[in-house]
Every structure is written in structure tokens, then in C-alpha cells.
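**Q**
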Amino acid sequence: MSANPSPLSAAQVARYGLMGLPLAFVALPLYVLLPNHYARTFGVPLATLGALLLATRLLDALIDPLLGRWSDRLMRRSGNALLVWAGIACALMAGGFALLFFPPLTTGTELLVLTAILLVLTYACFSAVTLAHQSWGALLGAEAPVQSRIVAWREGLGLVGVLLASVVPVALGLSYMVALFALALGLGWLAWRSGPRPAAAAVGSEPWQAPDLWLPWRRPAMRRLLAVFVLNGIASAVPATLVLFFVQDRLQASSALEPLFLGSYFLAAALSMPLWLRAVGRWGLARSWIGGMGLAVAVFVWAATLGAGDALPFIAICVLSGAALGADLVMPGAMLAGVMARVGDLGRVQGGYYGWWAFATKLNLALAAGLALPLLALFGYVPGARESQALQALTVAYCLLPCVLKLAAAGLLYHFFVRKGSS
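Counting from 1, position 298 in the sequence shown corresponds to residue 297 in numbering that gives the first Met the number 0; the numbering is continuous, with no gaps.
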């Protein structure tokens, strides 16, 4: 289903996309800073902390399809109902996030119980807002040029959020990080509320009937796109899991350079968005995504040739792989909206699609760690290793395994969406 017949202006798309900034901002502290903070500040054992995080993240992934279904129900009632739901979730998410970093209980079992409750609350609210926001964006127009612009603004502003989340805690401290997140979340919701709205045909026009939760899986095009997305997602998540090991042990680079590596990667991804939008206009979504995968493969083959002292070439690799990431951020979401439109599910069960999409995204991260880390251990790598066999295993896992997975994903993408087409 298409929405607004007139093209959306840059200001309209920016108002919609602004919510992407706080949603991306919140993810990095929860996944990266929180474990270190609890281990160092509150003395929580790493094994206990790991089990707690694993359990709460697994629950978070499992409820995504249900939250997507609820989002569909609210959208069928009215756009305002969905916005109110998202606003309540934003307020609860901000409160949960603040209490996680500044808990009123700081020792013993009470801290662990409180942390588990706050993690479940914060993760669930994050997922609820994310799914509602993505569903709203899908209803603003399913055509490839429109969707690619919508997704590019949302993901581009999300990358700004990642950069802020990387800098603010180090430069200003955790209290400023919490305050900035709450402010960005409030402004994002207000901008979303005042931004473009889906066509009336997409919301509130008929009584809502609960669709089968498994409906998206019965669509061949959805299954094919998910297969590509999961393969490519694991290929991207593996180097994300291993990058610091590669920098510290293979390159033996100074820890002072780590923010430069990460910052150049995300900045290049944000700056590449306009280029990928031009590519979509010329070659289409699937071919442009294949181009991004090809760039990533070439870059990681180059990375496999690096050794100790090659920090400068690695900055170039970060920039080029960040540019390839831009394609991964723009194309899949835009293609998903197109799939929903072609099978007639857009405006009806888009939240269900995004719920399963979010589940697959989180599964990618889990599979990447579950695949790469045991593989490294099997071949004798441990952090701090300098033996050639161990470093070779690290290089294979960081550089070459993602290339194999990317090539497989590109092959499936070409087969299903370029050579044959998919519906």
C-alpha cells in the first residue's frame, strides 16, 4: 500500500527519522557500557552478569513478534493510538535506562533482581518503540525511492546517535549521557508526532482482526529476504564482535586509536547514505545491496593482508567498510516494505513483519558470537596471543569468514531478487 501521493520533503522525512537517533543511542550503552559498569562499580561477577544479560536479551528477542502484532492493532485503531503507546514506552524506557546506570540498590541479590527487571522493561520498551516507528515509516510509501529515503534518514540519524553514545560517556560522564538520551528521546517523539502521517486507508478504516502470528513466514518473498538478511547480518556481526581483538592483537595498535577506528567506521556509514540513494535510483535496491556486499568483501580481503603496525591502512579499511555498511542499513528495510506491499500485507500486518525482522536481527548477533568465538578457541586463539597460528585463526575469523558469508548472501540475493524476481 502506498501512502502520501505527494513526495515527502526532506524536512518531513527528517522529522520522522529523528527518532532513529535516540533509539540507536540507547543500544550502545546497554550492550557495551553496562556490563563493564556493573563489573567495575558494583563488583558483579562476570559469569553472573553474562547469564543475566543472556536471559534478558533472549526474552527481548522472543517478545518482538508479539509487540509487532500489538503495534498493528493500535495502528488499525488510529495513528494517535500508536503514538500514545510509543510515548508511554519512551517515558518508561528513559526511566529504566537511568535507573540501570544509577540503581537505588547497589549490592547483593537485590541489585541483580532489580537489574533484571529494569533490563526487561528497558529492552521491551526499546523494542516497542522501534517496531512502531518502523511500521509507521513503511506506511509512508512503499516505492523503492521513497522507502530508501525514509530508511536512509532513520538509519543515518541513528548513526549520529551511535557516535554521540560513543563520545558522551567518555567526555562528559554517565549522568550527562542519561540526560542527553532522555532529551533526544523526547524530541524524537515530538518530531515523529508532528511529522508525516500514513494515508487514511492505512489506519483506522476497518475493525482490527488478529492475523496469524506466522503469516509473514508463509510469504515466500519474506522467507527469501530473511535468508539473505540473516546470512548478511551474521557476516557483518562477526567482525563487529572481533574488531577489538583484531586491533589489539593482530595490528597491535595503541588503545588510543580505537575510538578513531570506530568513529571513522560509523561516520563513513552516515556519509555514504546519499551515494547509496543515488545508486538505488540508478540500479534498484537489490543490485545496489549486492554492490555494497561486494565492496565489503574487497575491503575484508585487504584487511586479511595486514599485520602489526598497520594502523594507518586499517583506518582506510574502517572508512570503506563503513561505506559498505551504509548499503546494509538502507537496502534491507526498503526491500522489506516492498515485499509487504507486493503481497498486500502493508497497512495490515506490517508490525508482525518488523517483529520477526527484529527477532532475526538479534539472532544475527547471537549467532555471530556463537560462531566466531568458539571457532577462535578451537584454533588456539586467546586474547593477548602473539603466536602465528593463533593470529592466523583470528584473521580468518575476522576477515575471511565474513567474506564467505557475504558472498553466499549476495548469491541468494541475485538469485531471488535480480535473476528471478520475488513476490
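The C-beta atom is built at its ideal place from N, Cα and C for all residues, glycine as well.
If you reduce the DSSP assignment to three classes, tell me which class L305 lands in.
**A** Correct three-state label for L305: coil.
**Q** Which term fits A54, buried or exposed, when burial requires 16 or more other beta carbons within 10 angstroms of its beta carbon?
**A** It is exposed - the Cβ of A54 has fewer than 16 other Cβ atoms within 10 Å.
**Q** Can you tell me whether T121 is helix, strand or coil according to DSSP?
**A** T121: helix per DSSP, three-state reduction.
**Q** Would you grab the beta carbon distance between G321 and L266 for me? Rounded to a whole angstrom, and I think it's under 8 Å.
**A** About 7 Å; that satisfies the 8 Å criterion.
**Q** May I ask you to report which of helix, strand or coil DSSP gives A13?
**A** Here A13 sits in helix by DSSP.
**Q** Alpha carbons only, please: which of I87, I316 and T114 is nearest the one belonging to L98?
**A** Answer by Cα proximity: T114.
**Q** Is F101 helix, strand or coil by DSSP?
**A** Coil.
**Q** Give the list of continuous alpha helix (DSSP H) stretches no shorter than 4 residues that lie fully inside the segment 173-257.
**A** Here the runs fully enclosed are 173-193 and 219-244.
**Q** Rounded to whole angstroms, how far is the Cβ of A23 from the Cβ of L158, which I believe are closer than 8 Å?
**A** Correct: roughly 7 Å between the Cβ atoms.
**Q** Compare the Cα-Cα distances from M272 to each of L171, L32 and D327 and report the closest residue.
**A** For the residues L171, L32 and D327, the minimum Cα distance to M272 belongs to D327.
**Q** Quick one: residues in its chain with C-beta nearer than 7 Å to the C-beta of A137, no 5 flanking neighbours on either side, listed in chain order?
**A** Around A137: A336, M339, L345 and Q349.
**Q** Consult DSSP for E154 and reduce its assignment to one of helix, strand or coil.
**A** Helix at E154.
**Q** Using a Cβ-Cβ cut-off of 8 Å, state whether L65 counts as contacting chain C.
**A** The structure shown has no chain C; it contains just one protein chain.
**Q** Assuming F415 and R217 form a contact by the criterion Cβ under 8 Å, report the distance between their Cβ atoms to the nearest whole angstrom.
**A** Not really, about 17 Å apart at Cβ, beyond 8 Å.
**Q** Using C-beta distances below 7 Å, list every residue in its chain close to P197, excluding the 5 sequence neighbours before and after it, in chain order.
**A** Excluding sequence neighbours, P197 sits near A2, G78, W135, L138 and L139.
**Q** Does DSSP classify D344 as helix, strand or coil?
**A** Looking at D344 - three-state DSSP - the assignment turns out to be coil, as it is neither helix nor strand.
**Q** In its own chain, which residues sit with a C-beta less than 8 Å from the C-beta of S147, not counting the 5 before and 5 after it?
**A** Answer for S147: W275, L276, V279, L284, V329, M330 and A333, listed in chain order.
**Q** Output the distance between the C-alpha atoms of A200 and L261, rounded to the nearest integer angstrom.
**A** With a pLDDT of only 47 at A200, under 50, the local geometry of the prediction cannot be trusted, and no value is derived from it.
**Q** Using alpha carbons as the reference points, say which of W213, R347, A384 and L364 lies closest to R76.
**A** Measuring from the Cα of R76, the nearest candidate turns out to be R347.
**Q** Could you pull out every residue in the same chain whose Cβ sits closer than 6 Å to the Cβ of W207, ignoring the five residues on either side in sequence?
**A** Caution applies to W207, whose pLDDT of 49 falls short of 50 and renders its modelled position unreliable; the value that the coordinates give is listed next. Cβ neighbours of W207 beyond the five flanking positions: R72 and R75.
**Q** Can you name the start and end residues of the alpha helix (DSSP H) that V279 belongs to?
**A** From DSSP, the alpha helix (DSSP H) with V279 extends over M272 to W282.
**Q** Just mark V112 as buried or exposed, buried being the case when its beta carbon has 16 or more other beta carbons within 10 Å.
**A** V112 comes out exposed.
**Q** Grab me the residues of V119's own chain with a C-beta within less than 7 Å of its C-beta, minus the 5 sequence neighbours each way, in chain order.
**A** Excluding positions up to five away in sequence, the list reads T55 and L58.
**Q** Near L319, what residues of its chain come up, given a Cβ to Cβ distance below 7 Å and the 5 sequence neighbours on each side ignored?
**A** Excluding sequence neighbours, L319 sits near L294 and V298.
**Q** So, helix, strand or coil for F96, using DSSP?
**A** If DSSP states are grouped into helix, strand and coil, F96 belongs with the helices.
**Q** Is it right to say R249 is buried, meaning 16 or more other beta carbons lie within 10 angstroms of its own, or is it exposed?
**A** Per the 10 Å Cβ criterion, buried.
**Q** Would you call the segment 156-170 in contact with the segment 81-89, where contact means no fewer than 3 C-beta pairs closer than 8 Å?
**A** No, because fewer than three Cβ pairs between the segment 156-170 and the segment 81-89 fall closer than 8 Å, the two stretches do not touch.
**Q** Got a sec, what are the start and stop residues for the alpha helix (DSSP H) T106 sits in?
**A** Element bounds for T106: n/a, residue is neither H nor E.
**Q** Determine whether the beta carbon atoms of L393 and L375 lie at a separation below 8 Å.
**A** It is a contact, given that the beta carbons lie within the stated cut-off.
**Q** Taking the beta carbon of Q388 as the centre, do at least 16 other beta carbons fall within 10 Å, making it buried, or is it exposed?
**A** With fewer than 16 other Cβ atoms within 10 Å, it is exposed.
**Q** Would you check if there are 3 or more beta carbon pairs closer than 8 Å linking the segment 5-12 to the segment 175-192?
**A** No: the two stretches stay apart, fewer than three of their Cβ pairs being nearer than 8 Å.
**Q** Since G410 is in the alpha helix (DSSP H), which residue starts that stretch and which ends it?
**A** From DSSP, the alpha helix (DSSP H) with G410 extends over L400 to L412.
**Q** I need the DSSP call for V43, collapsed to helix, strand or coil.
**A** V43 falls in the coil class under three-state DSSP.
**Q** Roughly how many angstroms lie between the CA atoms of S70 and S287, to the nearest whole one?
**A** Going by the C-alpha atoms only, they are around 31 Å apart.
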